[in-house]
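S.K.: Residue numbers (the numbering used here): 53 to 488.
Idealized CB from N, CA, C, for every residue including glycine.
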């Protein structure tokens, strides 16, 4: 029997060990999209495949994603082009903004939702095909753009009923030259302690030393206790920007913690970075993360032009992403979605008048678009009623010869079992029956 590939999961209405029901996915996606609409952000739909060099340039050659986790292969063009299933969405969004000149006279605010792909060991809430909501705001270098995105995420948590179980952590990475100076100071501090670091941190010391700050190894963290602090290397502009972000968050009533070890795993970040974390999923888990990436557009413009000696003009930007599988796990642990049925009204029609039943169902769908109307095949009334019982519908409409002859319908209230006879127009009125 052919089965799905390890780490690539079906999303069914019936919950499984690796997936919440598809109805919960729809409720989550609807809630998130509703908040995005309220902030005036517009959806963009991106391809799931991009040229490999896009991610290598944007994310960084020394990151775990590029080194270990990308699904990369070559296409059938001549010569073959290295391509990659997208491991994250920001690089593709920036590529689209550049390619279609979306920054010309505008400051686009975009969001996207869909599958991402990383080759890693599947575990609960982390799969090889996983799903993210990503949001990118372009064109503003001011700290109000940072605060707006954080406020957006906070409203999402409020609407989902999980805001009391998430903690906001923020930090500033400063500008590239400030971070470079700090990087050297950190390397100088750790070099003679390299033998005592964990294996990943030893490797990162020569490739991506800031990622050592995020090590989960207790011995490495003890060594880092006396390490130089990034905040000591920030210039006046970076400090002022970060202070203003904090001021805005305070005005908005959003609590936060400053985490000096928060650096994020991708190379393109600068200034503000943030994460929403929870302890309700075992070890402290990140549900949503993002930050400012003012230099990425210039990097990718230079890549497009093919002239690395003349950096292209960049543009400010900030974004975030959240993993939907992990978010659903958190919702399930804290504030589960109400279970929903597949329909509101189930129509049962005797085989002799089934044609009339079809016409009634179609008319009801047209006149009452707020209702989900379902029918089964033209089997016996007993068989159809069994399906109505399993459907979860609030009402079952029964049509037989007498109802058709008298222009009536029999209405069964499935919760109480009460059955009444009504005019066949009864359901057309919202006053008689409505759903939330």
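Am I right that residue 248 and residue 271 are in contact with their C-beta atoms under 8 Å? What's the rounded C-beta distance?
M.R.: Within the chain shown, residue 248 is the residue found at index 196, counting from 1. Within the chain shown, residue 271 is the residue found at index 219, counting from 1. Indeed they touch by this definition, with Cβ atoms about 6 Å apart.
S.K.: Please state if the CB of residue 329 and the CB of residue 321 are separated by a distance shorter than 9 Å.
M.R.: For the purposes of this step, residue 321 is identified with residue 269 of the chain shown, where counting begins at 1. For the purposes of this step, residue 329 is identified with residue 277 of the chain shown, where counting begins at 1. Not closer than 9 Å, so no.
S.K.: Does the Cβ of residue 194 have 16 or more other Cβ atoms within 10 Å, making it buried, or fewer, making it exposed?
M.R.: Here residue 194 refers to the residue found at position 142 of the chain shown. That one is exposed.
S.K.: With distances taken Cα to Cα, identify the nearest neighbour of residue 348 among 139, 147 and 62.
M.R.: Locating residue 348 in the chain shown gives position 296, counting from the first residue. Answer by Cα proximity: 147.
S.K.: Counting C-beta neighbours from all protein chains within 10 Å, is the total for residue 274 16 or more, i.e. buried, or is it exposed?
M.R.: The residue you call residue 274 lines up with position 222 of the chain shown. By the neighbour-count rule (16 or more Cβ atoms within 10 Å), residue 274 is not buried but exposed.
S.K.: Report back the beta-carbon spacing between residue 400 and residue 450 to the nearest angstrom; my notes put them in contact at under 8 Å.
M.R.: Locating residue 400 in the chain shown gives position 348, counting from the first residue. Locating residue 450 in the chain shown gives position 398, counting from the first residue. The Cβ separation is near 5 Å, so the contact holds.
S.K.: Give me whichever residues DSSP pairs with residue 220 in a beta bridge.
M.R.: On the chain shown, residue 220 is found 168 positions in, with the first residue counted as 1. Residue 220 pairs with 328.
S.K.: Which residue's Cα is closest to the Cα of residue 186: 174, 430, 376 and 76?
M.R.: The residue labelled residue 186 in the question sits at position 134 within the chain shown. Looking at the Cα atoms, 376 is the closest of the given residues.
S.K.: Closer than 8 Å is the cut-off here; do at least three beta carbon pairs connect the region 205-217 with the region 250-266?
M.R.: No, they do not touch.
S.K.: Alpha carbon to alpha carbon, what distance is there between residue 144 and residue 135?
M.R.: Here residue 135 corresponds to residue number 83 of the chain shown, with the count starting at 1. Here residue 144 corresponds to residue number 92 of the chain shown, with the count starting at 1. C-alpha separation (whole angstroms): 13 Å.
S.K.: Assign residue 183 to buried or exposed, taking buried as 16 or more other Cβ atoms, counted over all protein chains shown, within 10 Å of its Cβ.
M.R.: Taking the chain shown and counting its residues from 1, one reaches residue 183 at position 131. With 16 or more other Cβ atoms within 10 Å, it is buried.
S.K.: Report the option in 460, 129, 469 and 83 whose CA atom is closest to the CA atom of residue 210.
M.R.: Locating residue 210 in the chain shown gives position 158, counting from the first residue. Taking only the C-alpha atoms, the option nearest residue 210 is 83.
S.K.: Would residue 228 count as contacting chain B if we go by Cβ distances under 9 Å?
M.R.: As a matter of chain content, chain B is missing from the structure shown, which is built from one protein chain.
S.K.: Look up residue 82 in the DSSP assignment and say whether it is helix, strand or coil.
M.R.: Sequence index remark: in the chain shown, residue 82 carries index 30 (1-based). Correct three-state label for residue 82: helix.
S.K.: Which of the three DSSP states, helix, strand or coil, is assigned to residue 179?
M.R.: The count along the chain shown starts at 1 and reaches residue 179 at position 127. Three-state DSSP puts residue 179 in coil, outside helix and strand.
S.K.: Cβ atoms of residue 323 and residue 346: under 9 Å apart, would you say?
M.R.: Residue 346 sits at position 294 when you count from the first residue of the chain shown. Residue 323 sits at position 271 when you count from the first residue of the chain shown. A contact, by the Cβ cut-off of 9 Å.
S.K.: From the DSSP output, read off the bridge partner residues of residue 401.
M.R.: Position 349 of the chain shown, counting from 1, holds the residue named residue 401. Answer by DSSP bridge pairing, in chain order: 451.
S.K.: Between the region 147-161 and the region 90-103, are three or more C-beta pairs nearer than 8 Å?
M.R.: Because the criterion of three Cβ pairs below 8 Å is met, the region 147-161 and the region 90-103 touch.
S.K.: CA-CA distance, residue 165 and residue 433?
M.R.: Start at 1 with the first residue of the chain shown, and residue 165 comes out as number 113. Start at 1 with the first residue of the chain shown, and residue 433 comes out as number 381. Taking the straight line from one Cα to the other gives about 43 Å.
S.K.: To which residues of the same chain is residue 304 closer than 6 Å at the C-beta, ignoring the five residues directly before and after it?
M.R.: Here the question's residue 304 lines up with position 252 in the chain shown. Around residue 304: 203.
S.K.: Flag this pair as touching only if the region 441-450 and the region 462-472 have three or more C-beta atom pairs under 8 Å; answer yes or no.
M.R.: They touch, by the three-pair rule.
S.K.: For the structure I just gave you, are there three or more beta carbon pairs, one from the region 407-415 and one from the region 116-127, closer than 8 Å?
M.R.: Output reads no: the region 116-127 does not touch the region 407-415.
S.K.: Straight-line CA distance for residue 390 to residue 415?
M.R.: What you label residue 390 is simply residue 338 of the chain shown in a count that begins at 1. What you label residue 415 is simply residue 363 of the chain shown in a count that begins at 1. Straight-line Cα distance between these residues: approximately 29 Å.
S.K.: Any contact of the region 277-292 with the region 223-242, i.e. 3+ C-beta pairs under 8 Å?
M.R.: Result yes; three or more Cβ-Cβ pairs closer than 8 Å.
S.K.: Assuming residue 473 contacts residue 453 (C-beta within less than 8 Å), just tell me the rounded distance between them.
M.R.: Residue numbering aside, residue 473 sits at position 421 when the chain shown is read from its first letter. Residue numbering aside, residue 453 sits at position 401 when the chain shown is read from its first letter. With a Cβ gap of about 14 Å, residue 473 and residue 453 do not count as contacting.
S.K.: Helix, strand or coil: how does DSSP classify residue 468 here?
M.R.: Looking up residue 468 in the chain shown gives position 416. Note: residue 468 maps to coil in three-state DSSP.
S.K.: Can you tell me which of 106, 111, 138 and 169 puts its alpha carbon nearest to the alpha carbon of residue 151?
M.R.: Translated into the one-based positions of the chain shown, residue 151 becomes position 99. Cα-wise, what sits closest to residue 151 is 106.
S.K.: Ordered along the chain, which non-local residues of its own chain (more than five positions away) have a Cβ less than 8 Å from that of residue 290?
M.R.: As a working mapping, residue 290 is identified with position 238 in the chain shown. So the qualifying residues of the chain are 224, 226, 227, 230 and 323.
S.K.: Beta strand (DSSP E) containing residue 502: first to last residue?
M.R.: Because the chain in this structure spans residues 53 to 488, residue 502 falls outside the shown range and cannot be described.
S.K.: Out of 127, 475, 339 and 221, which has the shortest C-alpha to C-alpha gap to residue 102?
M.R.: Looking up residue 102 in the chain shown gives position 50. Checking every option, the nearest Cα to that of residue 102 belongs to 127.
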